[in-house]
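Asker: Note that the numbering used here has the first sequence beginning at 482, numbered continuously upward.
Note that beta-carbon positions come from the ideal geometry of N, C-alpha and C, so glycine has one too.
Sharing a structure with you now.
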Amino acid sequence: MGSLKRTHHCNALSAANIGQEVTLMGWVLRRRDHGGVIFIDLRDRWGLTQVVFNPEINPEVHAKAHGLRNEWVLAIRGRVEARPEGMVNPKLATGAIEILVSELRILNQSQTPPFPLDEEVEVSENLRLKYRYLDLRRPGMADNLVLRHKASQAIRSFLNDNGFLEIETPVLTRSTPEGARDYLVPSRVNPGKFYALPQSPQLFKQLLMVAGMDRYYQIVKCFRDEDLRADRQPEFTQVDMELSFVEEEDIFAIMEGMITHLFRETIGYKPVTPFPRMTYAEAMNRYGSDKPDTRFGLELIDLFTEVRNCGFKVFRDVVEKGGMVKAINAKGCATFSRKDLDDLTAYVGQFGAKGLAWVKIKEGGEWQSPIAKFFTDEERAAMTRTLDAQPGDLLFFGADSPAVVYAALGELRLELGRRLGFIDKKTFSFVWVTDFPLLEWDHEQRRHMAVHHPFTAPAEEDMALLATDPGKVRSRAYDLALNGTEIGGGSIRIHQPQVQRTVFATLGISEEEARDKFDFLLKALDLGAPPHGGIAFGLDRLMMIIAGRDTIRDVIAFPKTQKATCPLTDAPSTVARKQLTELSLRPDWKE
RNA sequence: GGGGUCGUAGUUCAGUCGGUUAGAACGCCGGCCUGUCACGCCGGAGGUCGCGAGUUCGAGCCUCGUCGGCCCCGCCA
482 MGSLKRTHHC
492 NALSAANIGQ
502 EVTLMGWVLR
512 RRDHGGVIFI
522 DLRDRWGLTQ
532 VVFNPEINPE
542 VHAKAHGLRN
552 EWVLAIRGRV
562 EARPEGMVNP
572 KLATGAIEIL
582 VSELRILNQS
592 QTPPFPLDEE
602 VEVSENLRLK
612 YRYLDLRRPG
622 MADNLVLRHK
632 ASQAIRSFLN
642 DNGFLEIETP
652 VLTRSTPEGA
662 RDYLVPSRVN
672 PGKFYALPQS
682 PQLFKQLLMV
692 AGMDRYYQIV
702 KCFRDEDLRA
712 DRQPEFTQVD
722 MELSFVEEED
732 IFAIMEGMIT
742 HLFRETIGYK
752 PVTPFPRMTY
762 AEAMNRYGSD
772 KPDTRFGLEL
782 IDLFTEVRNC
792 GFKVFRDVVE
802 KGGMVKAINA
812 KGCATFSRKD
822 LDDLTAYVGQ
832 FGAKGLAWVK
842 IKEGGEWQSP
852 IAKFFTDEER
862 AAMTRTLDAQ
872 PGDLLFFGAD
882 SPAVVYAALG
892 ELRLELGRRL
902 GFIDKKTFSF
912 VWVTDFPLLE
922 WDHEQRRHMA
932 VHHPFTAPAE
942 EDMALLATDP
952 GKVRSRAYDL
962 ALNGTEIGGG
972 SIRIHQPQVQ
982 RTVFATLGIS
992 EEEARDKFDF
1002 LLKALDLGAP
1012 PHGGIAFGLD
1022 RLMMIIAGRD
1032 TIRDVIAFPK
1042 TQKATCPLTD
1052 APSTVARKQL
1062 TELSLRPDWK
1072 E
């Protein structure tokens, strides 16, 4: 760069700077060579500025500019000029001015990039990831990283102002049972032993409460070795928090404050507080999901009383065997074609539904449906009334075990929402989901599993049920759902050692195993643990929604592919045999 | 582990019923051009049709396998 010092970035200059001598540095976004005058759009993280090479004013520099190509890195010195009459570009922040160049230094050349860096063309994601440093030069992606930075800063500043301490916890820690598959790290100095990368800093943050830190937070990487999705990466970032001497209401209030601050500081949006609340049971019944998208209706409606004695054997049998029959009224959708209905039937099939019964309501209210003939006039009238079915409506029925009905109709509801254009990315609909069950029965392992995690406190009034009917016990866990995505979850924790021992026992964790794996926690609870609870937000998912993207990969600088690989570094990779033997690992695969 | 979908020029894509020399746009290279801003005009180069078998007189197209991207199910306390 020689003696040149950058004076402005590429989005800084306006009519107010006319006449100034400036130095800009950046990349060649586009070159418009008229043979005579040459225009270069010089780009950096902030924006772009048009620079002009005029042969009449500086022939030497103009000749040099002839050879410039896309993505070359330049330093230019020149004077800020007003653009000629009628040449102002209102689409650019810097559109009123241009730089008349007196000195050009080529700081680096570039090969022709493997894909265009303007936003015009969608490029395959594999190529983008292989050249992620080029992909991140593109304005949309750069904006996402800037937005994410603002979000982290907003969260930190809010939590700092509310008495939280940012404390780091170990990345090399021990594997604990329950939960996702661990990423393991072999210990060289302890042959045959392994660290695990944390699925979350759960136990450490509880220990920090026992340590009297009172309010802790951390923006921290967590690791889960499970299969990937658009909103799931093997390493992801949590905004992790824990508070002492609190109950649910305290946490809700503080978190609503944080989320409000976050949305204001990033996109200038003001959420309506307090956020609505919904029990798990209500969420499942109305939306078939524990993370309901409350931006639109199309709710599930129960037909138990209407069908339990009805003439349609399929529905009657389902109810008799403990299943359920629910329906969705797709208002005004009677115009759906046969193909639409076939598509939707196939769609719910992947969620376990064996079929999808439908009814079109014709003018005058009669049913057009393959199943209409199985019902009496009175039965049809009763269902029409319950579902508020009007001419032009389309009814969908789900009849199966509760799990299948919830999944199939819940997903059908979302699909209908998408098809009908009810999914508005500018709307942010929050809802707290509470009163989750503490445990659920795992058929494979033939034991109860923690729905949240084994340290979640049971609801006070359900404590007695732990011994008699564990599946009925509600927990003090809560999730925050936003537009149908679970963006955060947490709970009030168990702080009494005898309660923790009881829950372990209910989970089928023996006294011995508990001592082996959780002795440090039980000891800590024995040594003056305060009542405490916390929550963690998925920062990637939050950013995905705030940035209006469909995948968290777009808000992560260097994400992995669905097969958990990195096309840029080619990780994971093989390692030298010596590295393995040092770790006391003896591979049995061929190199 | 399973289902779906995609893979053709540097990029994004088209490619009919299996049939002559695989096309377009953008990009790239060269030339012309003094007010463009996705500059314009003229010319040119550029292809292991992901890979491997098979069917066929003949395969970008059909079959099987395989690799990879994406979406989903399972999985994700």
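Tell me the start and end of each unbroken beta strand (DSSP E) in the region 550-594 that is at least 3 residues and wholly inside, in chain order.
Answerer: You should have 554-563 and 578-589.
Asker: Take Gly898 as the anchor and find which of Thr593, Val627, Ile587 and Tyr768 has the nearest alpha-carbon.
Answerer: Tyr768
Asker: Please state if the CB of Leu581 and the CB of Gly551 are separated by a distance shorter than 8 Å.
Answerer: Contrary to the premise, residue 551 reads as Asn rather than Gly in this sequence. Contact flag unset, no.
Asker: Does the distance from the CB of Thr775 to the CB of Val912 come in under 8 Å?
Answerer: yes
Asker: Given this structure, state the Cα-to-Cα distance separating His1013 from Gly693, to the nearest angstrom.
Answerer: 11 Å
Asker: Could you check what DSSP says for Thr865 in three-state terms: helix, strand or coil?
Answerer: The answer is helix: DSSP assigns Thr865 an H, G or I state.
Asker: Since Asp874 contacts Ala834 with CB under 8 Å, what's their CB separation in whole angstroms?
Answerer: Not quite, the Cβ-Cβ distance comes to about 20 Å (not below 8 Å), so this is no contact.
Asker: Would you grab the beta carbon distance between Leu615 and Ala623 for me? Rounded to a whole angstrom, and I think it's under 8 Å.
Answerer: No, Leu615 and Ala623 are not in contact; Cβ-Cβ is about 11 Å, not under 8 Å.
Asker: From this set, Val795, Glu737, Phe1001 and Lys486, which residue's C-alpha is nearest Arg586's C-alpha?
Answerer: Lys486
Asker: Classify Glu1072 as buried or exposed, calling it buried when 16 or more other Cβ atoms lie within 10 Å of its own Cβ.
Answerer: Residue confidence for Glu1072 is low, a pLDDT of 49 falling below 50, so the modelled location carries little weight; the figure read from the coordinates is stated next. Classification for Glu1072: exposed.
Asker: Which parts of the region 810-860 are runs of the beta strand (DSSP E), unbroken and 3 residues or longer, counting only runs that do not cross its ends?
Answerer: Fully enclosed beta strand (DSSP E) runs of no fewer than 3 residues occupy 838-842 of the region 810-860, in order along the chain.
Asker: Between the C-alpha atoms of Val984 and Pro939, what's the straight-line distance to the nearest angstrom?
Answerer: 9 Å
Asker: Taking the alpha-carbon of Ala1038 as reference, which of Arg613, Ala563 and Pro757 has the nearest alpha-carbon?
Answerer: Arg613
Asker: Leaving aside the five residues before and after Ala429 along the sequence, list all residues of the same chain whose C-beta is less than 6 Å from its C-beta, in chain order.
Answerer: As shown, the chain starts at 482 and ends at 1072. That puts residue 429 outside it, with no answer to give.
Asker: Look up Glu716 in the DSSP assignment and give the residues it is bridged to.
Answerer: Phe704
Asker: Under the rule that 16 or more other beta-carbon atoms within 10 Å means buried, what is Val701, buried or exposed?
Answerer: buried
Asker: So Arg955 and Asp923 are supposed to be a Cβ contact under 8 Å. How far apart are they, rounded?
Answerer: Not quite, the Cβ-Cβ distance comes to about 19 Å (not below 8 Å), so this is no contact.
Asker: What's the C-alpha gap between Met930 and Glu659?
Answerer: 8 Å
Asker: Could you give the DSSP three-state label for Tyr614: helix, strand or coil?
Answerer: helix
Asker: Taking C-alpha atoms, which residue in Pro679, Tyr697, Phe777 and Ser991 lies nearest to Gln687?
Answerer: Among Pro679, Tyr697, Phe777 and Ser991, the Cα nearest to that of Gln687 belongs to Tyr697.
Asker: In its own chain, which residues sit with a C-beta less than 7 Å from the C-beta of Phe817, not counting the 5 before and 5 after it?
Answerer: Result list for Phe817: Leu875, in chain order.
Asker: Excluding the 5 residues preceding and the 5 following Arg619 in the sequence, name in chain order all residues of the same chain whose CB lies nearer than 7 Å to its CB.
Answerer: Excluding sequence positions up to five before and after Arg619, its CB lies within less than 7 Å of the CB of Leu598 and Glu600, all in the same chain and listed in chain order.
Asker: Under the rule that 16 or more other beta-carbon atoms within 10 Å means buried, what is Val753, buried or exposed?
Answerer: exposed
Asker: Which partner residues does Cys1047 have in the DSSP bridge list?
Answerer: In the DSSP output, where bridge partners are listed per residue, Cys1047 has Ala1052.
Asker: Comparing C-alpha positions only, which one of Arg894, Gly970 and Asp642 sits nearest to Tyr828?
Answerer: Arg894
Asker: For the structure I just gave you, are there three or more beta carbon pairs, one from the region 639-656 and one from the region 667-680, closer than 8 Å?
Answerer: yes
Asker: For Ala958, does the count of other Cβ atoms within 10 angstroms reach 16, so buried, or fall short, so exposed?
Answerer: buried
Asker: Cβ atoms of Met506 and Leu573: under 8 Å apart, would you say?
Answerer: no
Asker: For His1013, list the residues DSSP reports as bridge partners.
Answerer: In DSSP, His1013 forms a bridge with Ser725.
Asker: Should Thr949 go down as buried or exposed, given a rule of 16 or more other Cβ atoms within 10 Å for buried?
Answerer: exposed
Asker: Taking the straight line between their C-alpha atoms, what separation do you get for Gly516 and Glu606?
Answerer: Inter-residue distance for Gly516 and Glu606 is about 37 Å (C-alpha atoms, whole angstroms).
Asker: Where do the ends of the alpha helix (DSSP H) carrying Asp1021 lie?
Answerer: Leu1020 to Ile1027
Asker: Could you name each continuous beta strand (DSSP E) segment of 3 residues or more that falls completely within the region 857-925, going from the start of the chain to the end?
Answerer: Whole beta strand (DSSP E) segments, 3+ residues: 875-881, 911-915 and 920-923.
Asker: With a CB to CB cut of under 7 Å and the five nearest residues on each side skipped, what residues in its chain are close to Ile648?
Answerer: Excluding residues within five positions, the ones whose Cβ falls inside 7 Å are Leu689, Met694, Tyr697 and Gln699.
Asker: Can you find the residues in the same chain that come closer than 7 Å, C-beta to C-beta, to Phe796, ignoring five residues on each side of it along the sequence?
Answerer: Excluding sequence neighbours, Phe796 sits near Val788, Val806 and Ala880.
Asker: If you draw a straight line from the C-alpha of Pro951 to the C-alpha of Phe878, how long is it?
Answerer: Answer to the nearest angstrom: the Cα atoms are 32 Å apart.
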